[in-house]
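Participant: Got a structure for you, questions after.
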Amino acid sequence: MSADVALQDSIYSALIADAAVSALVGARVYDNPPAAPVYPYISFGPSQNLSEFLSCLDAEENYQQIDVWTKEGGSKRGNKVICGAVKKVLHLQELTLADPFALVMIRVDDVRIMDDPDEQIAHGVVTVAAFTEDHG
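Structure, rendered in structure tokens:
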């Protein structure tokens, strides 16, 4: 397992466990959404890992995009509500990662809401930065 996988698993667990997020999307948080998803839902988008070269520490800077999808005739309001709930669950929170990894810090760097080519859908993007250590 990598720190990136441990981070995604922890984010997934935090989103599923949160009452506000569950009230908005149920259990529809996907790594790979189904071909015909039920809206609204959350999916994991691109991620990036940057190694930190420190003599005393095995660390990474991890970036994870979390996508929010709503289908309300193109209205962005519902998408903004879900993105806000996602931010509240993750920003500066203490998440637990699977051993041997540890989370140093997680923050939400950016929230964007945009139109989708399908005019009925709004697309939200929550960009998360996390710093992890490998204690293995």
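Going by this note's numbering, 121 is the number at position 121 of the sequence shown; the sequence numbering is gapless.
In this text, a Cβ means the ideal position worked out from N, Cα and C, and glycines have one as well.
1) Taking the CB atoms as reference points, tell me whether Val-89 and Leu-15 lie closer together than 8 angstroms.
2) Quick one, which of Leu-50, Gln-64, Gly-26 and Val-29 has its alpha-carbon nearest His-91's?
3) Helix, strand or coil, according to DSSP, for Gly-73 in the structure here?
4) Is the CB-CB distance between Cys-83 and Val-126 below 8 angstroms?
5) Using C-beta distances below 7 angstroms, list every residue in its chain close to Asn-79, excluding the 5 sequence neighbours before and after it, in chain order.
6) For Asp-115, tell me which candidate among Val-86, Ala-85, Val-104 and Gly-73 has the shortest Cα-Cα distance.
7) Would you tell me roughly how many angstroms separate the C-alpha atoms of Val-104 and Gly-26, rounded to the nearest one?
8) By the 10 Å Cβ neighbour count, where 16 or more other Cβ atoms means buried, how is Arg-77 classified, buried or exposed?
9) Just mark Leu-50 as buried or exposed, buried being the case when its beta carbon has 16 or more other beta carbons within 10 Å.
Facilitator: The relevant details are as follows:
1) Result yes, Cβ atoms of Val-89 and Leu-15 sit closer than 8 angstroms.
2) Checking every option, the nearest Cα to that of His-91 belongs to Gln-64.
3) Of the three classes helix, strand and coil, the one that applies to Gly-73 here is coil, per DSSP.
4) yes
5) Val-68, Thr-70, Ile-113, Ala-122 and Gly-124
6) Gly-73
7) 29 angstroms
8) exposed
9) exposed
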